[in-house]
């Protein structure tokens, strides 16, 4: 059950679980909440992947009645608290086993039995803060087989950036921006000569420009070293444009998820700050499951140190990029089929089969 099985971060990441499911052992019901008749080929792909698609509106009783009639074994919630309709249906406990996965952190609803995680994204001590039982998959709570990559629309000369400059990038929505983390990023830019900072992500453009310019000025960074990038027509072009960056700087305490996967897939070094909660450990688990430890910071000082080191050391960046490209063949993060088998084993164990 989800309202995001379309051109949305959840839609891009959940694909391989649907694609690789063993159809001889599992029958899939899809509840497409707030389904819209729009030109969205990914949404239609999902509709065609399930055995029983239900295109639902925004009335939770309609959705609840359909779930009740279907007599499911397991109901998987991909929305968590991001949509009240899904929360209302899950609260009715219409399936013997109910699970939250992927869409966000756990909701805390008493009717949810399990929350899917892995050994990195939630440590053992996290269980004390969850009403749901944390079900850790052996390696990673998400895996993808890759991403479609288009033709880049950005070049350094378009942005008035010299070819020999060091380019940092942060691509996140405005609500993930934190002034303390942004100060750390500015300290990195200030410490690396001939460096530039590209900023991208959906937000109020005037507000985000003022936000970054003010912190840059307070930290002694010239505002002409910042570049604010516009949105691009497709996700494939966005991924191609990541290649302009030498280093990507993650947000904290709300890490990237889709953006982190895209960065790692494109072979670009990433600096992330690891926290205690789920959303502050997403990039950590993804880097570990790609076989990369360079760029993982446990303190603010380490975040700055990694940012400076990666900016000043082209050989290290090249080494990380090579490791990331090699990881496509062997790493759990890029093995959607293995991940799906692990999810299926989890489902069967939850049902006691």
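Numbering (the numbering used here), first residue to last: 1 to 353. All residues carry an ideal CB built from backbone N, CA and C; glycine is no exception. Keep in mind that this is a model prediction, so the values were computed, not measured.
Practice task
Just mark residue 23 as buried or exposed, buried being the case when its beta carbon has 16 or more other beta carbons within 10 Å.
Solution key: exposed
Practice task
Kindly indicate which three-state DSSP category residue 100 falls into: helix, strand or coil?
Solution key: strand
Handout entry: Top-ranked residue by Cα proximity to residue 265, from 281, 238, 278 and 252
Key = 238
Exercise for the section: Kindly indicate which residue of 232, 244 and 184 has the alpha-carbon position closest to the one of residue 220. Expected result: 184
Exercise for the section: Assign residue 341 to one of three DSSP states: helix, strand, or coil. Expected result: helix
Exercise for the section: Could you check which residue in 303, 298, 350 and 292 has the C-alpha nearest to that of residue 316? Expected result: 292
Exercise for the section: Could you tell me which of 174, 344, 78 and 178 sits nearest to residue 21, measuring between CA atoms? Expected result: Nearest option by C-alpha distance: 344.
Exercise for the section: Please state if the CB of residue 241 and the CB of residue 279 are separated by a distance shorter than 8 Å. Expected result: Contact check for residue 279 against residue 241 fails: the beta carbons are separated by 8 Å or more.
Handout entry: Sequence-distant residues of its chain with Cβ nearer than 6 Å to residue 46 (five each side left out)
Key = Closer than 6 Å at the Cβ level, and outside the excluded window around residue 46, lie 5.
Problem - Within 8 Å, strictly: CB atoms of residue 253 and residue 215 - result: no
Practice task
State yes or no: is the C-beta of residue 346 nearer than 7 Å to some heavy atom of the ligand NAP?
Solution key: This structure simply doesn't include the ligand NAP, nor any ligand for that matter.
Handout entry: Inter-stretch contact (C-beta, 8 Å, three-pair minimum) for the stretch 104 to 121 and the stretch 130 to 143
Key = yes
Practice task
Determine which residues share a DSSP beta bridge with residue 118 and list them.
Solution key: Partner residues in a beta bridge of residue 118, as assigned by DSSP, do not exist.
Practice task
Flag this pair as yes or no: are the beta carbons of residue 92 and residue 75 separated by less than 8 Å?
Solution key: Against a cut-off of 8 Å, the Cβ pair of residue 75 and residue 92 comes out as no contact.
Practice task
Starting from residue 320, trace the alpha helix (DSSP H) both ways and give me its first and last residue.
Solution key: It spans 314 to 327 - the alpha helix (DSSP H) in which residue 320 sits, taken as one unbroken run.
Exercise for the section: Report the residue ranges of all beta strand (DSSP E) runs contained in full by the stretch 119 to 187; include only those spanning at least 3 residues, in chain order. Expected result: The stretch 119 to 187 contains, as complete beta strand (DSSP E) runs of 3+ residues, the segments 133 to 136 and 166 to 171 (chain order).
Practice task
Leaving aside the five residues before and after residue 153 along the sequence, list all residues of the same chain whose C-beta is less than 8 Å from its C-beta, in chain order.
Solution key: Taken in chain order, the residues that qualify are 232, 237, 240 and 241.
Handout entry: Start-to-end residues for the beta strand (DSSP E) that takes in residue 208
Key = Note, residue 208: premise wrong, no beta strand (DSSP E); alpha helix (DSSP H) at 205 to 218.
Practice task
Enumerate in chain order the residues of its own chain whose CB-to-CB distance from residue 110 is below 7 Å, with the five nearest sequence positions on each side excluded.
Solution key: Within the same chain, 131 come within 7 Å of residue 110 by CB-CB distance, once the 5 residues on both sides are set aside.
Handout entry: residue 237 - DSSP class collapsed to helix/strand/coil
Key = Of the three classes helix, strand and coil, the one that applies to residue 237 here is helix, per DSSP.
Problem - Alpha-carbon to alpha-carbon, residue 339 and residue 283 - result: The C-alpha of residue 283 lies about 18 Å from the C-alpha of residue 339.
Problem - Boundaries of the beta strand (DSSP E) in which residue 30 is found, first to last residue - result: 29 to 32
Exercise for the section: Give the secondary structure of residue 68 by DSSP, where H, G and I count as helix, E and B as strand, and everything else as coil. Expected result: Looking at residue 68 - three-state DSSP - the assignment turns out to be helix.
Exercise for the section: Sort out for me which residues DSSP pairs residue 196 with in a bridge. Expected result: 167
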